[in-house]
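Asker:
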Amino acid sequence: MNIKLPEHVTFILHTLEKAGFEGYAVGGCVRDALLGREPQDWDITTNARPLQVKELFRRTIDTGLQHGTVTVMLDHTGYEVTTYRIDGEYEDGRHPKEVSFTGRLSDDLMRRDFTINAMAYNESVGLVDLFHGIEDLKNARICCVGDPKERFGEDALRMMRAIRFSAQLGFAIEEQTRAAIESLSASIQKISAERIQTELIKTLCSGHPEYMRLFYETGLSHYFMPEFDRLMETEQTNPHHCYSVGEHTLYSMKEIGEGKVLRLTMLLHDIAKPCCKTTDEQGIDHFHGHPAQGAELARKMLRRLKLDNETIARVTQLIRWHDDNPPLSEKNVRRAIHRVGEENYPALFAVKRADIRAQSAYKKQEKLEYVDAYEKLYEQILEKNQCLSIKNLAVNGADLMQAGIPQGKEIGEQLQALLELVLEHPEYNEKAYLLSQIKHK
Ligand code: ATP
Ligand code: MG
38 MNIKLPEHVT
48 FILHTLEKAG
58 FEGYAVGGCV
68 RDALLGREPQ
78 DWDITTNARP
88 LQVKELFRRT
98 IDTGLQHGTV
108 TVMLDHTGYE
118 VTTYRIDGEY
128 EDGRHPKEVS
138 FTGRLSDDLM
148 RRDFTINAMA
158 YNESVGLVDL
168 FHGIEDLKNA
178 RICCVGDPKE
188 RFGEDALRMM
198 RAIRFSAQLG
208 FAIEEQTRAA
218 IESLSASIQK
228 ISAERIQTEL
238 IKTLCSGHPE
248 YMRLFYETGL
258 SHYFMPEFDR
268 LMETEQTNPH
278 HCYSVGEHTL
288 YSMKEIGEGK
298 VLRLTMLLHD
308 IAKPCCKTTD
318 EQGIDHFHGH
328 PAQGAELARK
338 MLRRLKLDNE
348 TIARVTQLIR
358 WHDDNPPLSE
368 KNVRRAIHRV
378 GEENYPALFA
388 VKRADIRAQS
398 AYKKQEKLEY
408 VDAYEKLYEQ
418 ILEKNQCLSI
428 KNLAVNGADL
438 MQAGIPQGKE
448 IGEQLQALLE
458 LVLEHPEYNE
468 KAYLLSQIKH
478 K
């Protein structure tokens, strides 16, 4: 089994060997190279101690000396070189109490989470695969190194990592490993929101966002996102839909690009449906007000998961307006763009299309054609450079003050009134005319 190592990696491994040490590429990069995927970064493991590694290379960074990691810089690229390590006992299911260095590669491979992540490679020895990693790669299977219950007991985050890797690689989770997650799911509560968020986002942005279903089935999401469990358990009897709210959500994520904002929007666009559900006399389910309530609920959830403010703002606005369907005239679309916010286009069209594609065949074509026409009008308006917000009006606050409007909230009100006028009649966006339209109290 041959792997083509990048030149820098070969250089680092040769340098270690010439100094009498061992060195291997290890972990994710070996896995990805064997799969024919481009590794994100190349990690190196060695029996040299951190200070010995530092002596061998001209430029290094002390990334985590106490954990054995030195970053070697070559042409502005960093390579993490970590000393063979045994992780000590885990005191709280999160952190090893201490790490100790070891001279044996096998000890280092044994501490790693999954068999496919526990292989090492260099040119002199070839592939070191002590736990059937190759076999599991061939069988497309995520399997713990050693006893899964023990391994998840040491670090509960590994349960989410198992699902994340299965979504990224399209692999199944081996039965014992999966059973262990089901029985230990409650221990995910020991893990910080930040670490949970990282794995959740990687799963959402993977090639199989619909594997989110595994978080529900294994019981994990019950602890970090119970609102998602409710989605999975909410049926919707309505001609527009052929799936439960949860299944519709999973399909809709497959129908949109891989960006974090778009995937989170689809995950949460119907999040308030369970609490907005009513059933009429004909037995049809309705969900009045779910976009606005969904935006609020999503904000709470995303804050709890410690997402950044920019992402929260983008996602909640897209949820708020995902079902907004202006009548198709230039005037109404201008109003819609102002209402929704220019910054949410053209993303809103992608959201609408993904939502529709994950619905039933009923009126599907019509609904998609509506979005096409909506987008065309939007593009025409942009091309004409029409004014859509207060900042593009031909007058500003200073102009109004000069015209005698007192400083304070009246300025804002006047500007808003002028914008309404201009949204109706774009040709009115002209300074002298707008000043003539000011209403003095
Ligand atoms: P990617 O970088 O694409 O997310 P990766 O496999 O490189 O995937 P990292 O989180 O970068 O994953 O970790 C690098 C390696 O360190 C893993 O391949 C695995 O061998 C080991 N590892 C990382 N986190 C853990 C953990 N929580 N428990 C055990 N081993 C781990
Ligand atoms: Mg990595």
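Per my numbering: the sequence shown = residues 38 to 478.
Don't be surprised by glycine CBs; every beta carbon is placed ideally from N, CA and C.
Which residues have a Cβ closer than 7 Å to any heavy atom of the ligand MG, listed in chain order?
Answerer: Residues flagged by the Cβ proximity filter: G64, G65, Q77, D78 and D80.
Asker: As a quick exercise: from M38, N429, E54 and R215, pick the residue whose alpha carbon is nearest that of R479.
Answerer: Here the chain comprises residues numbered 38 to 478, so residue 479 is not present and cannot be evaluated.
Asker: Can you list, in chain order, the residues of its chain with a C-beta nearer than 6 Å to that of P311? Leave out the 5 residues immediately preceding and following it.
Answerer: Along the sequence shown, one-based indexing puts residue 311 at 274. For P311, where only same-chain residues beyond five positions count, the Cβ hits under 6 Å are R267 and T271.
Asker: Do you know offhand how far F168's Cα is from M156's?
Answerer: As a position in the sequence shown, residue 168 is number 131, starting the count at 1. As a position in the sequence shown, residue 156 is number 119, starting the count at 1. Cα to Cα, F168 sits roughly 8 Å from M156.
Asker: From this set, R74, T274 and S289, which residue's C-alpha is nearest Q319's C-alpha?
Answerer: Position 282 of the sequence shown holds residue 319. The residue with the shortest Cα to Cα distance from Q319 is T274.
Asker: Mind the definition here: the stretch 449-461 touches the stretch 399-417 only if three or more C-beta pairs lie below 8 Å; say whether that holds.
Answerer: Contact between the stretch 449-461 and the stretch 399-417 is absent, because fewer than three Cβ pairs lie under 8 Å.
Asker: Decide if T240 is buried, meaning its Cβ has at least 16 other Cβ atoms within 10 Å, or exposed.
Answerer: In the sequence shown, residue 240 corresponds to position 203, counting from 1. With 16 or more other Cβ atoms within 10 Å, it is buried.
Asker: In this structure, does DSSP put T274 in helix, strand or coil?
Answerer: By 1-based counting over the sequence shown, the position of residue 274 is 237. It is coil, neither helix nor strand.
Asker: Alpha carbon to alpha carbon, how far is E254 from L365? Give it in angstroms, no decimals.
Answerer: Along the sequence shown, one-based indexing puts residue 365 at 328. Along the sequence shown, one-based indexing puts residue 254 at 217. Rounded to the nearest angstrom, the two C-alpha atoms are 42 Å apart.
Asker: Please work out which residues of its chain come closer than 6 Å, Cβ to Cβ, to A193, disregarding the five sequence neighbours upstream and downstream, and give them in chain order.
Answerer: Within the sequence shown, residue 193 is the residue found at index 156, counting from 1. Correct list, in chain order: G130, S224, I225, K227 and I228.
Asker: Determine, using beta-carbon pairs with one atom in the stretch 368-377 and one in the stretch 343-350, whether at least three such pairs fall under 8 Å.
Answerer: In short, these stretches do not touch, since the Cβ pair count stays below three.
Asker: Measure the alpha-carbon distance for Q439 versus I475 and round it to whole angstroms.
Answerer: Here residue 439 refers to the residue found at position 402 of the sequence shown. Here residue 475 refers to the residue found at position 438 of the sequence shown. One C-alpha to the other measures close to 12 Å.
Asker: Is F168 close to the ligand ATP? I mean its beta-carbon at under 8 Å from any heavy atom of the ligand.
Answerer: Working through the sequence shown from its first residue, we reach residue 168 at position 131. The answer is no for F168.
Asker: If you run the structure through DSSP and keep just helix, strand and coil, what is H285?
Answerer: As a working mapping, residue 285 is identified with position 248 in the sequence shown. Reduced to three states, the DSSP call for H285 is helix.
Asker: Taking all protein chains shown into account, do 16 or more other C-beta atoms lie within 10 angstroms of the C-beta of R96, making it buried, or fewer, making it exposed?
Answerer: Taking the first residue of the sequence shown as position 1, residue 96 is located at position 59. With fewer than 16 other Cβ atoms within 10 Å, it is exposed.
Asker: Hey, could you find the ends of the alpha helix (DSSP H) E117 is sitting in?
Answerer: Taking the first residue of the sequence shown as position 1, residue 117 is located at position 80. No alpha helix (DSSP H) contains E117, which is instead part of the beta strand (DSSP E) from T114 to T120.
Asker: So within the stretch 152-230, which uninterrupted alpha helix (DSSP H) runs reach at least 4 residues, ignoring any that extend past its ends?
Answerer: Correct list: 170-175, 185-191, 194-206 and 212-221.
Asker: Could you give the first and the last residue of the continuous beta strand (DSSP E) run that contains G101?
Answerer: As a first step, residue 101 must be located in the sequence shown, where it is residue number 64. Looking at the DSSP string, the run of the beta strand (DSSP E) that includes G101 is T97 to G101.
Asker: Rounded to whole angstroms, what is the Cα-Cα separation between E264 and R74?
Answerer: On the sequence shown, position 227 is the one that residue 264 refers to. On the sequence shown, position 37 is the one that residue 74 refers to. If I take the Cα positions, the gap works out to 35 Å.
Asker: Under a three-way DSSP split, which group does V432 fall into?
Answerer: As a working note, residue 432 is residue 395 in the sequence shown. Three-state result, V432: coil.
Asker: Please name the residue, chosen from E379, A216, Y61 and V408, that lies closest to I393 on a Cα-to-Cα basis.
Answerer: Walking along the sequence shown from the start, residue 393 turns up at place 356. Here the closest residue by C-alpha is V408.
Asker: Can you tell me whether Q192 sits near the ligand ATP, meaning its C-beta is under 8 Å from at least one heavy atom of the ligand?
Answerer: The sequence position of residue 192 within the sequence shown is 155, counting from 1. The amino acid at residue 192 is misidentified as Gln; the sequence shows Asp. Indeed, a heavy atom of the ligand ATP lies less than 8 Å from the Cβ.
Asker: Is H323 helix, strand or coil when you go by DSSP?
Answerer: Taking the sequence shown and counting its residues from 1, one reaches residue 323 at position 286. If DSSP states are grouped into helix, strand and coil, H323 belongs with the strands.
Asker: What residue from F324, P363, E379 and F58 has the CA that sits closest to Y121's CA?
Answerer: Translated into the one-based positions of the sequence shown, residue 121 becomes position 84. Closest by alpha carbon: F58.
Asker: Does the Cβ of F151 lie closer than 8 Å to at least one heavy atom of the ligand ATP?
Answerer: Here residue 151 corresponds to residue number 114 of the sequence shown, with the count starting at 1. Yes.
Asker: Please list the terminal residues of the continuous beta strand (DSSP E) segment that includes F138.
Answerer: Residue 138 sits at position 101 when you count from the first residue of the sequence shown. Run containing F138: V136 to F138, per the beta strand (DSSP E) assignment.
Asker: Excluding the five sequence neighbours on either side, which residues of its own chain have a C-beta within less than 6 Å of the C-beta of F189, listed in chain order?
Answerer: Translated into positions along the sequence shown, residue 189 becomes position 152. Only R195, M196, A217 and L221 meet the Cβ criterion.
Asker: For a test of your reading of the model: does the CB of D69 fall under 8 Å from any non-hydrogen atom of the ligand ATP? Yes or no.
Answerer: The residue given as residue 69 occupies position 32 in the sequence shown. Yes, the beta carbon of D69 sits closer than 8 Å to at least one heavy atom of the ligand ATP.
Asker: Let me know if V162 comes out buried or exposed under the rule of 16 or more other beta-carbons within 10 Å of its beta-carbon.
Answerer: Counting from one through the sequence shown, the residue named residue 162 turns up at place 125. Exposed.
Asker: Report the option in P246, L102, V107 and I210 whose CA atom is closest to the CA atom of T286.
Answerer: Here the question's residue 286 lines up with position 249 in the sequence shown. Minimum Cα distance to T286 is reached at P246.
Asker: Please tell me whether, using a cut-off of 8 Å, the distance from the CB of N154 to the nearest non-hydrogen atom of the ligand ATP is below it.
Answerer: As a first step, residue 154 is located in the sequence shown; it is residue number 117 there, counting from the start. Yes, Cβ of N154 sits closer than 8 Å to a heavy atom of the ligand ATP.
Asker: Measuring CA to CA, which of Y382, M338 and R215 is closest to A479?
Answerer: Residue 479 cannot be examined here, being either before or after the span of the chain that is shown, 38 to 478.
Asker: Could you check the C-alpha separation between N159 and A62 for me, to the nearest Å?
Answerer: The sequence position of residue 159 within the sequence shown is 122, counting from 1. The sequence position of residue 62 within the sequence shown is 25, counting from 1. Taking the straight line from one Cα to the other gives about 6 Å.
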